[in-house]
Amino acid sequence: MNNYHLTHLQELEAESIHIIREVAAEFENPVMLYSIGKDSSVMVRLAEKAFAPGKVPFPLMHIDSKWKFREMIEFRDRYAAEHHWNLIVESNMEAFRAGVGPFTHGSKVHTDLMKTKALLDALNKYKFDAAFGGARRDEEKSRAKERIFSFRDQFQQWDPKNQRPELWDIYNARIHKGESIRVFPLSNWTELDIWQYIRIEHIPIVPLYFAKERPCVEIDGNIIMADDDRLPEKYRPLVRPRMVRFRTLGCWPLTGAVESTATTIEEIVKEMMVTTKSERTTRVIDFDQEASMEQKKREGYF
Amino acid sequence: MAIPSSCLHNTYHTMNKQTDIRAYLDADEQKDLLRLLTAGSVDDGKSTLIGRLLFDSKKLYDDQLAALERDSKRVGNAGDSIDYALLLDGLKAEREEGITIDVAYRYFSTNRRKFIIADTPGHEQYTRNMITGGSTADLAIILIDARKGVITQTRRHTYLVALLGIKHIVLAVNKMDLVDFGKKVFDDIVTDYRMLTERLGIGDVTCFPLSARNGDNVVERSSRMPWYDGPALLDFLETVPVHTDRNFTDLRFPVQYVLRPDLNFRGFCGKVASGVVSQGDEVVALPSMKHTHVKSIVTYDGTLHEAFPPQSVTITLQDEIDISRGDMIVHPDSIPHIGRHFTTMLVWMDEQPMDTSKKFFLKHNTNTTRSTIIAVRSKVDVNDPTDSPFHVAGSTDVRTQQATTDTDVSPFTLNEIGQVDILTAKTLFFDAYADNRQTGAFILIDPITNNTSAVGMILAPLDESTLENDATPTLDLPALGITPDHYAAIDAAVRDLERQGLEIEVIKAHD
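Going down the list, the protein sequences come from chains A and B. Quick note: the first sequence uses the working numbering, first residue 2, plus one each step. Quick note: the second sequence uses the working numbering, first residue 2, plus one each step.
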């Protein structure tokens with residue numbers, strides 16, 4: 002026996018840093034996709050770790066659906082400025098000007114245009130050949146099978162039946178012009194690992210993760226926070242203050258809150274351990290068609 | 002002795018409600034990680050076993066269970082009961098076919114350890130997925146149906162586990178309920194199996210009589226097999242020591258990325274592949290063979306006195322020597338093989354059959370180079386393997402080399418495995434896979450499709466003196482009078498040519 006022994010978090014951290022450096026070395030024009038969520042916050046910290054004491058050699062990109070919580074946008078801008086990130090923000094302005102939104106067009110059309118199309122357009126605009134995403138394999142069934150280096154054809158599509166074999170820590174980064182790779186450095190992290198890491202590394206996260214009294218209304222069984230004045234008239238009289246927090250963050254009309262009093266990470270983890278619902282149940286988009294996440298992934302949404 | 006194993010969720014329920022959550026998290030933080038592979042035939046109950054481990058450790062949430070019950074009734078193969086297999090068959094197309102066709106990763110945690118399970122399919126045409134899932138595994142669970150015993154697929158899976166260099170095997174003899182929990186059935190299978198593993202040179206094998214469907218000996222010891230006096234499967238998985246399996250002797254630090262934030266800092270980033278490196282150590286940079294000392298080991302969280310596998314660190318050196326990605330830092334008393342010619346086990350993973358006239362890209366650690374398969378020595382019958390995968394067929398001696406490679410073995414097709422000789426354009430720094438899993442492994446990438454066509458486990462270096470010189474063309478920039486301000490443009494042109502299949506070695510003036 003010897004003392005050369007890592008804890009699971011140290012081992013996951015080392016694996017992620019290795020993946021991030023490999024992308025920086027092998028690709029000409031990588032980008033880190035930033036959702037402002039807790040997983041993104043961990044991924045961003047891992048990138049900072051990978052190149053310390055130097056600067057991270059690629060930009061952050063946020064696809065702004067124009068329906069994000071205001072606190073997310075504030076957090077994003079402050080974090081990027083304080084940590085000297087080159088931040089790119091892109092939106093589907095055409096659809097935005099046409100008035101596309103979840104209340105008027107439904108979650109599917111909104112997600113297709115404001116998230117998937119906006120992302121694909123942005124990737125094409127900057128000709129990124131690799132894009133980091135913060136997805137984890139334990140989140141959802143179709144993600145459990147995805148490679149760490151996930152090949153996308155020239156239309157950014159994923160073919161789950163035709164994935165490249167991926168062995169050891171040797172990643173195949175070879176692509177033709179126009180093709181790209183999505184890279185998932187957090188593939189092997191679980192939800193609890195993420196919280197643990199945020200706790201021990203003191204990583205800043207959006208305050209929406211912590212419980213607070215917020216103006217909420219129940220829509221189709223989800224607790225929706227009225228984040229701005231685009232809440233349709235019919236719901237406005239029903240808005241009540243409720244003590245809630247968010248387990249995941251996305252577009253405010255599509256992200257359900259949970260009732261909670263947890264104001265620290267320890268309390269969040271405590272709630273997590275007695276909870277009986279997995280974290281994606283608060284995401285409206287996962288349920289709008291059967292096997293819907295797999296379908297969205299094939300189309301290019303992560 | 003041991004408290005019945007349980008995971009996070011039911012731990013919390015049985016825990017004194019006053020227990021400080023902080024204490025729980027502090028304990029959780031100290032857990033280590035076990036990566037395991039499961040392999041079995043379609044009907045061995047492999048998915049049921051994994052589903053059971055997840056279920057009994059309460060990793061399943063209510064909504065996942067509700068979805069599972071709904072799916073079980075619709076497309077399940079377990080009548081009205083819950084079909085745990087559906088949990089693991091993630092993709093829609095596969096669910097309809099009723100078989101898992103790729104590798105799926107599962108995560109669960111107990112009081113003592115975190116686990117990553119690579120679940121891989123058992124049928125013949127998907128050997129490549131098992132190889133993919135198993136490459137990082139510390140331990141493999143091989144499932145056997147107690148009614149069938151050791152069958153062809155068992156031999157194949159066991160051979161692949163041996164080939165991957167997985168040090169620990171668990172033989173799970175499942176469906177014991179269908180053989181009346183008979184001791185003799187179990188003992189006979191174990192005897193059979195040990196004959197196989199001895200032949201393949203696998204040391205650590207532990208055997209368990211199970212019924213995954215009913216939970217016997219999975220998480221708790223079963224009262225229905227009083228003759229079995231070993232631990233339950235999960236208890237064993239939680240305690241088997243694996244971190245000592247790594248090579249801590251031979252320092253191999255493949256340089257991954259050169260960090261140069263300002264003129265005062267020049268660091269070499271990488272993951273320690275093996276061995277231990279300490280501040281002040283005398284080291285040698287390959288291929289230049291220049292000696293220097295380690296000045297510091299830098300991380301975001303401060304400097305370290307020493308670094309060990311699999312840490313990702315940044316090393317700075319006492320002297321300014323020219324080192325770039327693909328080079329390797331080692332200790333002077335443990336130099337790896339340095340060369341372009343070696344014999345290796347190769348697993349063919351591509352629908353397109355092997356073409357020995359192709360110049361494959363070979364990626365080994367952080368090095369990528371052109372390579373050719375110059376001889377096909379032998380093919381393995383994985384259904385009836387007779388030898389350890391690391392037994393070298395033929396000789397590595399230069400005098401007999403020609404004679405042993407001059408055979409009629411046909412090129413490999415998908416899922417075929419055998420021994421070949423490879424010649425690379427660039428010099429590599431490598432070890433035998435049996436000695437060092439990190440520096441003995443490589444992948445071959447098709448130069449046209451960019452698919453990962455094959456993966457290799459190096460057996461031994463070969464003599465280079467008899468080979469015709471087919472070294473890559475070189476552009477000696479200083480000799481041509483080209484100054485460093487043109488290097489970026491030349492690099493771009495060389496990279497373009499490389500994409501078209503032309504490898505050029507560029508020599509630059511050292512800055």
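All C-beta atoms in this analysis are idealised placements derived from N, C-alpha and C, irrespective of residue type, glycine included. Please read all numbers here as calculations on a predicted model, not as lab measurements.
Identified DSSP bridge partners for residue i
i	result
A/Asn223	A/Ile220
B/Ala106	Per the sequence presented here, residue 106 of chain B reads as Tyr, with Ala not at that position. DSSP output for B/Tyr106 lists B/Ala119 as bridge partner(s).
B/Tyr434	B/Tyr434 is not bridged to any residue.
A/Ile182	A/Ala131 and A/Phe152
A/Met244	A/Glu214
B/His418	For the record, residue 418 of chain B in the displayed sequence is Ile; it is not His. Looking at the DSSP assignment, B/Ile418 forms a beta bridge with B/Val348.
A/Tyr198	None, per the DSSP bridge assignment.
B/Asn368	B/His365
B/Ser279	B/Glu307
B/Leu37	B/Ile118 and B/Leu140
A/Ser120	The displayed chain sequence assigns Leu, not Ser, to residue 120 of chain A. Answer is none; A/Leu120 lacks a bridge partner.
B/Leu445	B/Leu363 and B/Ala455
Cβ distance (whole Å) where residue i is taken to contact residue j below 8 Å
i	j	result
A/Met115	A/Asn93	5 Å
A/Glu214	A/Pro242	5 Å
B/Ile444	A/Leu168	6 Å
B/Ala173	A/Lys146	About 23 Å; that fails the 8 Å criterion.
B/Phe209	B/Asn215	With 8 Å as the limit, B/Phe209 and B/Asn215 do not qualify as a contact, their Cβ atoms being about 14 Å apart.
B/Val340	B/Pro462	Before going on, a small fix: residue 340 of chain B reads as Gly here, not Val. That belief holds up - the Cβ atoms of B/Gly340 and B/Pro462 are roughly 5 Å apart, short of 8 Å.
B/Ile324	B/Phe269	6 Å
A/Phe211	A/Ile182	Not really, about 35 Å apart at Cβ, beyond 8 Å.
A/Val207	A/Ile37	6 Å
B/Asp422	B/Thr344	5 Å
B/Pro354	B/Thr450	Not a contact, Cβ separation roughly 13 Å.
Closest Cα partner of residue i within the set the options
i	options	result
A/Phe156	A/Thr117, A/Ile201 and A/Val110	A/Thr117
B/Asp447	B/Arg253, B/Thr207 and B/Val456	B/Val456
B/Arg36	B/Lys149, B/Ile167 and B/Leu55	B/Ile167
B/Leu264	A/Lys128, A/Arg246 and A/Gly55	A/Gly55
B/Leu318	B/Arg129, B/His292, B/Ser212 and B/Ile336	B/His292
A/Asp221	A/Ser108, A/Phe152, A/His203 and A/Glu268	A/Ser108
A/Glu23	B/Ile449, B/Lys176, B/Ser313 and B/Phe343	B/Ser313
B/Leu26	A/Asn189, A/Leu10, A/Arg71 and A/Ile224	A/Leu10
B/Ser223	B/Leu481, B/Lys115, B/Met177 and B/Thr133	B/Met177
A/Glu192	A/Met33, A/Val43, A/Ile21 and A/Glu16	A/Val43
B/Arg113	B/Asp334, B/Ala141, B/Asp29 and B/Met350	B/Asp29
B/Val331	B/Leu287, B/Val348, B/Ser297 and B/Thr357	B/Leu287
A/Asp122	A/Ile64, A/Trp68 and A/Val110	A/Ile64
B/Ile145	B/Tyr301, B/Asn175, B/Val162 and B/Phe266	B/Asn175
B/Leu476	B/Lys509, B/Gly271, B/His169 and B/Lys32	B/Lys509
A/Leu7	B/Ala141, B/Ile375, B/Gln439 and B/Pro310	B/Pro310
A/His203	A/Thr265, A/Asp139 and A/Ala15	A/Thr265
B/Leu234	B/Ser411, B/Pro262, B/Val243 and B/Leu211	B/Leu211
B/Asp282	B/Leu54, B/Lys149, B/Ala308 and B/Ser372	B/Ala308
B/Asp432	B/Asn248, B/Met131 and B/Ala163	B/Asn248
B/Ala141	B/Ala442, B/Phe116, B/Leu498 and B/Ala435	B/Phe116
Test: residue i CB closer than 7 Å to a CB of chain D
i	result
A/Arg79	No chain D is present in this structure, whose protein chains are A and B.
Selection of the segment 331-353 of chain B by Cβ proximity to chain A, strictly under 7 Å: Met350
Under 8 Å (Cβ pairs) to chain B, residues found in the segment 41-59 of chain A: Here the close residues are Glu49, Lys50, Ala51, Phe52, Ala53, Pro54, Gly55 and Lys56.
Stretch pair the segment 362-370 of chain B + the segment 169-179 of chain A: three plus CB contacts closer than 8 Å: yes
Chain A contacts made by the segment 105-117 of chain B, where a contact means CB separation under 9 Å: Ala105, Tyr106, Arg107, Tyr108, Phe109, Ser110, Arg114, Lys115 and Ile117
Where the segment 135-153 of chain A meets chain B: residues whose CB sits under 7 Å from a CB there: Only those residues of the segment 135-153 of chain A whose C-beta falls short of 7 Å from the nearest C-beta of chain B are listed: Arg138, Asp139, Lys142, Ser143, Ala145 and Lys146.
Cβ contact (3+ pairs, closer than 8 Å) linking the segment 236-249 of chain B and the segment 192-202 of chain B: no
At least 3 beta-carbon pairs within less than 8 Å: the segment 378-386 of chain B vs the segment 426-437 of chain B: no
Stretch pair the segment 28-47 of chain A + the segment 40-58 of chain B: three plus CB contacts closer than 8 Å: Cβ pair count under 8 Å is below three, so no.
Residues of the segment 423-456 of chain B with Cβ closer than 8 Å to any Cβ of chain A, in chain order: Arg438, Gln439, Ala442, Phe443, Ile444, Ile446, Asn451, Asn452, Thr453 and Val456
Residues of the segment 268-294 of chain B with Cβ closer than 7 Å to any Cβ of chain A, in chain order: Cys270, Lys272 and Val277
Contacting positions in the segment 299-331 of chain B - beta carbon closer than 9 Å to chain A: Val299, Thr300, Tyr301, Asp302, Glu307, Phe309, Pro310, Pro311, Gln312, Ser313, Val314, Thr315 and Arg326
Short-range partners of chain A found in the segment 134-164 of chain B, where Cβ spacing is below 7 Å: Ser136 and Thr137
Members of the segment 240-252 of chain B that neighbour chain A once the beta carbon cut-off is set at 7 Å: His244, Thr245 and Phe249
Proximal residues, the segment 18-43 of chain B versus chain A, C-beta separation under 7 Å: Ile22, Arg23, Leu26, Asp29, Glu30, Gln31, Lys32, Asp33 and Leu34
Contact the segment 226-238 of chain A vs the segment 66-77 of chain A: 3+ CB pairs below 8 Å: yes
Contact residues within the segment 107-133 of chain A, judged by C-beta distance below 9 Å to chain B: none
Chain B contacts from the segment 198-220 of chain A (Cβ-Cβ distance under 8 Å): Arg200 and Ile201
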